[in-house]
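Using the working numbering, read the sequence shown as starting at 7 and increasing by one per residue.
We put the CB at the ideal spot given by N, CA and C, even for glycine.
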Amino acid sequence: MKSLVDETGVAAAGDADLHVRFRAASPITLHDRTCWRTDGNSPVRIGQDSAVAFFSRYDPIGHTLRRVGRRDLVFDEPPVAVTFRDDPEPLIGKWIEAIWQEPGGPLHGWFHAETPACGTGKLFMPHMGRARSDDGGLTWRYGGDLLRLPPALADRSWRNGFFAGGYGDLSALPDRAGRSIYVFFSSYHPDEFAQGIAVLRLPISDLAAPPALWTGEGWSTDERLPPKPIWPMRRGWCHADPDGFWGPALHYNRTLDAFVMLLNHTAGGAGDLVQEGVYVSLSRDPADPDSWSPPLQIVQGGAWYPQAVGLEEGDGDTIVGSVGRFFMAGFSAWTIEFSRAVGGPPADRPLTCSAQQFAALFGADRRCPW
């Protein structure tokens, strides 16, 4: 493995179908210095003259902030905490991780929430919920649960250090036909065979409808059926050292004419959800969960919550062209380029960034998230 800046100034990885290249760029962050890192996926939208980003933090409980800046993702104004209305559980933390603007209508959002698992002291049972905003995301009206397991299914014996069951760590985007919103998420289901990267969909014509979950019986609104993972866990979430993918981040890539999924991968931890690397997978059709390509490693180590953000008008965290900004935990010092493989041996130089390199890029006073 070579470091972030080798003799060509890039890192790159590829396989027979895909080539991913990183280039050094000026360091920027989605968050300000009051927050040491972002927590969860961070929705971003690029407008004609400005950009809007939503990032979340976990202390004192999960909550989301909104930040407005320039199209190049340089932010001059401080972030503002968003407000939830009609929230029946105001003491339960909520992270807005995905948004979709209804043409001529409200801004829709989907959030990750964490309910403490009673008696554990530190384990939570996440679930996913819905919200909508009529003022560009400053104020959100609570829209109810999207997918939630009964609290009685929490397993307080789990040793991963974070979760005792549930669903969360989500990303959402529409299909190209504009018929459905697909929500990809992490399943921490008590049944180990139902754990891993999972997906549900909602009809755009009725986003309040019951979700159709991808199950062993296909797409189903039967709440009794558990999800069928796209990639099951190799070692389940009950262990201190789970092994598998989690926390997907999705975008449609115009250059590839395909959907791209970035994935966290944990392995070899000790109750700390250690990051083994970041991976990428492609699909042309989100309606076919079996169509995703085998994950390709593009980062060695790194931080949670990788994202690619497109920089052209109308782009953001769910639409990217040939080049976008690459973030981990809200930090970016790289662009990311996607292209189809054009022959020759595939590149095998995943991105790396040591704590020392992080300090040189972002300042020694900032805490490194990896």
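Give me the Cα-Cα distance between Gly-330 and Met-239, rounded to the nearest whole angstrom. Taking the Cα positions, Gly-330 is about 30 angstroms away from Met-239.
Using only the alpha-carbon positions, how far apart do Ala-246 and Val-205 sit? Rounded to the nearest angstrom, the gap between the Cα atoms of Ala-246 and Val-205 is 25 angstroms.
Per DSSP, cross-strand counterpart(s) of Pro-84: Secondary-structure assignment with DSSP links Pro-84 through no beta bridge to anything.
Kindly indicate which three-state DSSP category Glu-13 falls into: helix, strand or coil? In this prediction, Glu-13 has a pLDDT of 39, which is less than 50 and means its spatial position is unreliable; what the coordinates show is noted afterwards. In this structure, Glu-13 counts as coil in the three-state DSSP scheme.
Name the residue from Arg-51, Pro-233, Met-267, Phe-28 whose alpha carbon lies nearest to the alpha carbon of Gly-320. In terms of CA proximity to Gly-320, Arg-51 leads the group Arg-51, Pro-233, Met-267, Phe-28.
Identify which residue in His-69, Ile-98, Arg-230 has its Cα closest to the Cα of Pro-85. With respect to the C-alpha of Pro-85, the residue from His-69, Ile-98, Arg-230 having the closest C-alpha is His-69.
My output table needs one value for Ser-360: the three-state DSSP class, helix, strand or coil. Of the three classes helix, strand and coil, the one that applies to Ser-360 here is coil, per DSSP.
By Cβ distance below 8 angstroms, which residues in the same chain neighbour Pro-96 in space, the five residues on each side in sequence not counted? Phe-90.
For Ala-183, count the other beta carbons within 10 Å of its own beta carbon; 16 or more makes it buried, fewer makes it exposed. Which is it? Classification of Ala-183: exposed, given that the 10 Å Cβ count is below 16.
Taking only three categories from DSSP, how would you classify Ser-297? When secondary structure is reduced to three states using DSSP, Ser-297 falls in the helix class.
Assuming Leu-159 and Gly-150 are in contact, meaning their beta carbons sit under 8 angstroms apart, how far apart are those beta carbons, in whole angstroms? Not a contact, Cβ separation roughly 19 angstroms.
Which value, in whole angstroms, describes the spacing of the CA atoms of Ile-342 and Cys-124? About 42 angstroms.
Return helix, strand or coil for Pro-352, following the three-state DSSP convention. The three-state secondary structure of Pro-352, taken from DSSP, is coil.
So, helix, strand or coil for Ile-210, using DSSP? Correct three-state label for Ile-210: helix.
How about Gly-127 and Pro-352: are their beta carbons less than 7 angstroms apart? No, they are not a contact pair.
List the endpoints of the continuous beta strand (DSSP E) containing His-25. Counting along the chain, the beta strand (DSSP E) containing His-25 begins and ends at 24–35.
Three-state secondary structure (DSSP) of Leu-97: Shown here, Leu-97 sits in coil according to DSSP, grouped into three states, outside any helix or strand.
My assumption, with CB atoms under 8 angstroms, is that Arg-165 sits in contact with Gly-277. Please give the rounded CB distance. 6 angstroms between Cβ atoms; contact.
Do you know how far the Cα of Gly-242 is from the Cα of Gly-272? In the sequence as displayed, the identity of residue 272 is Thr instead of Gly. Distance between the alpha carbons of Thr-272 and Gly-242 is about 11 angstroms.
Distance, Thr-121 Cα to Leu-317 Cα: Whole-angstrom Cα-Cα distance: 35 angstroms.
Following the continuous beta strand (DSSP E) through Val-50, name the residue where it begins and the one where it ends. For Val-50, the enclosing beta strand (DSSP E) has its first and last residue at 50–52.
Got a sec, what are the start and stop residues for the beta strand (DSSP E) His-118 sits in? That run of the beta strand (DSSP E) goes 113–122.
Local Cβ density within 10 Å of Gln-362, reported as buried at 16 or more and exposed below that: In this structure Gln-362 is exposed. Its beta-carbon is surrounded by fewer than 16 other beta-carbon atoms within 10 angstroms.
Would you decide whether Thr-14 is buried or exposed? Buried here means 16 or more other CB atoms lie within 10 Å of its CB. The pLDDT assigned to Thr-14 is 45, lower than 50, so where the model puts this residue is not dependable, and the model offers no usable value.
Is the separation between the beta-carbon of His-118 and that of Gly-174 shorter than 7 angstroms? Contact check for His-118 against Gly-174 passes: the beta carbons are separated by less than 7 angstroms.
Do you know whose CA, among Ser-186, Trp-42, Gly-75, lies nearest Gln-54's CA? If we check each option's Cα against that of Gln-54, Gly-75 comes out closest.
Using CA coordinates, which residue listed in Asp-263, Val-284, Asn-270 is at the minimum distance from Arg-290? Taking only the C-alpha atoms, the option nearest Arg-290 is Asp-263.
Buried or exposed for Val-16, going by 16 or more other Cβ atoms inside 10 Å? Buried.
How is Asp-371 classed by DSSP in three states: helix, strand or coil? Coil, per DSSP.
Specify the secondary structure class of Leu-268 as computed by DSSP and reduced to three states. Three-state DSSP puts Leu-268 in a strand.
Can the beta-carbon of Ala-314 be found closer than 7 angstroms to that of Asp-23? Taking the C-beta atoms as reference points, Asp-23 is found no nearer than 7 angstroms to Ala-314.
Closer than 6 angstroms: Glu-223 CB and nearest the ligand ADP heavy atom: The ligand content of the structure shown is nil, which means the ligand ADP is not present either.
Per-residue DSSP class, three states only, for Glu-282: DSSP places Glu-282 in strand when its eight states are reduced to three.
Using the beta-carbon count (16 or more within 10 Å), is Val-26 buried or exposed? With a threshold of 16 other beta carbon atoms within 10 Å, Val-26 meets it and is buried.
Can you name, in chain order, every residue of its own chain whose Cβ lies under 6 angstroms from the Cβ of Ser-9, other than the five neighbours on each side? Note that Ser-9 has pLDDT 40, beneath the 50 cutoff, so the model's placement of it is unreliable and no number is given.
So Gly-336 packs on Leu-79, CB below 8 angstroms; how close in whole Å? 11 angstroms between Cβ atoms; not a contact.
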